[in-house]
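A.B. asks: Residue numbers (this note's numbering): 1 to 238.
Glycine residues also receive a C-beta, built at the ideal position from the N, C-alpha and C atoms.
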């Protein structure tokens, strides 16, 4: 029986460790992307609810405030108020199509496994990255729509494409690149979590846990302000 040289055994062990670490980091990258996609879907539903309940009232409030400033002769203030009214009115009108529902938890594994295959940060060339980015966009759309069959179809298309990685793309040499991809994905997720909309949703969830309705409270305050603005406007117009 031929003895395996110690250096060959050591090299094989290092390769195995590198492949295990690469697999772990790919799993983490896909998990972060799944969390990011889920949070985006949750924020879209929350934003639609907030817009419908609060922004529609704020648009009326800002319009009334602009008219008050116009009648008061405050041209600079009127311009600022009308710009604010334009923004909130546009935001309210953009609510024409309801957002997709939040994907069920059962879809998360499908998304994660697909993201491990086609994540753009795993691409080794610019052409491969462009191809992967197009696939990831379609994957995110399918995930938010809750379309498991579309995700499975994308995986089949990806595996049949010339950009699907082969055995030579694995191993320890890729670990550093995938670690960097994980760090970038984590930064994107952290930025989304720290967004104003995400912080507002977190406050709403905390209020709900305490038996309160944060959005209803915001709407109530906006309606009080609107009633006051309309009363002031009526006095100025008489």
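Within 10 angstroms of its Cβ, does residue 168 collect 16 or more other Cβ (buried), or is it exposed?
C.D. replies: For this step, residue 168 is matched to residue 168 along the chain shown. Model confidence at residue 168 stands at a pLDDT of 47, short of 50, so the residue's coordinates are unreliable and nothing is read from them.
A.B. asks: Considering only the alpha carbon of each residue, which of 55, 69, 109 and 183 lies closest to residue 216?
C.D. replies: Looking up residue 216 in the chain shown gives position 216. Closest option to residue 216, Cα to Cα, is 55.
A.B. asks: With a 10 Å radius around its C-beta and 16 neighbouring C-beta atoms as the bar for buried, classify residue 66 as buried or exposed.
C.D. replies: For the purposes of this step, residue 66 is taken as residue 66 along the chain shown, with counting starting at 1. When all chains shown are included, residue 66 counts as buried.
A.B. asks: So, does the region 201-213 touch the region 139-156, judging by three or more C-beta pairs under 8 angstroms?
C.D. replies: no
A.B. asks: Using a threshold of 8 angstroms, state whether the C-beta atoms of residue 39 and residue 193 are closer than that.
C.D. replies: Counting from 1 along the chain shown, the entry for residue 39 is found at position 39. Counting from 1 along the chain shown, the entry for residue 193 is found at position 193. One thing to note: residue 39 has its Cβ within 8 angstroms of the Cβ of residue 193.
A.B. asks: With distance defined between alpha-carbon atoms, name the residue in 102, 146, 88 and 137 nearest to residue 110.
C.D. replies: Taking the chain shown and counting its residues from 1, the one referred to as residue 110 is at position 110. For residue 110, the closest C-alpha among the options 102, 146, 88 and 137 is that of 146.
A.B. asks: How is the alpha helix (DSSP H) around residue 279 delimited, first residue to last?
C.D. replies: With the chain running from 1 to 238 in the structure shown, residue 279 is simply not present.
A.B. asks: Please tell me whether, using a cut-off of 7 angstroms, the distance from the CB of residue 228 to the nearest non-hydrogen atom of the ligand FAD is below it.
C.D. replies: What this structure holds is no ligand at all, so the ligand FAD is not there to describe.
A.B. asks: Specify the secondary structure class of residue 134 as computed by DSSP and reduced to three states.
C.D. replies: Counted from its first residue, the chain shown places residue 134 at position 134. Residue 134 falls in the helix class under three-state DSSP.
A.B. asks: If you run the structure through DSSP and keep just helix, strand and coil, what is residue 238?
C.D. replies: As a position in the chain shown, residue 238 is number 238, starting the count at 1. Note: residue 238 maps to coil in three-state DSSP.
A.B. asks: Could you give the distance in angstroms between the alpha-carbon of residue 225 and the alpha-carbon of residue 61?
C.D. replies: The residue given as residue 225 occupies position 225 in the chain shown. The residue given as residue 61 occupies position 61 in the chain shown. C-alpha separation (whole angstroms): 7 angstroms.
A.B. asks: Beta carbon of residue 219, beta carbon of residue 57: below 8 angstroms?
C.D. replies: Counting from 1 along the chain shown, the entry for residue 219 is found at position 219. Counting from 1 along the chain shown, the entry for residue 57 is found at position 57. Yes. Within cutoff.
A.B. asks: What is the rounded straight-line gap between the Cα of residue 125 and the Cα of residue 134?
C.D. replies: As a working note, residue 125 is residue 125 in the chain shown. As a working note, residue 134 is residue 134 in the chain shown. Roughly 14 angstroms separates the two Cα atoms.
A.B. asks: Do the region 75-83 and the region 23-41 touch if we need at least three Cβ pairs shorter than 8 angstroms?
C.D. replies: no
A.B. asks: Quick check: residue 119 and residue 181, are their CB atoms within less than 8 angstroms of each other?
C.D. replies: Position 119 of the chain shown, counted from the first residue, corresponds to residue 119. Position 181 of the chain shown, counted from the first residue, corresponds to residue 181. Yes, they are a contact pair.
A.B. asks: Helix, strand or coil: which one does DSSP assign to residue 178?
C.D. replies: Sequence index remark: in the chain shown, residue 178 carries index 178 (1-based). DSSP places residue 178 in the helix class (H, G or I) of the three-state scheme.
A.B. asks: Among 48, 19, 27 and 115, which has the Cα closest to the Cα of residue 94?
C.D. replies: As a working note, residue 94 is residue 94 in the chain shown. Scanning 48, 19, 27 and 115 for the CA closest to the CA of residue 94 turns up 48.
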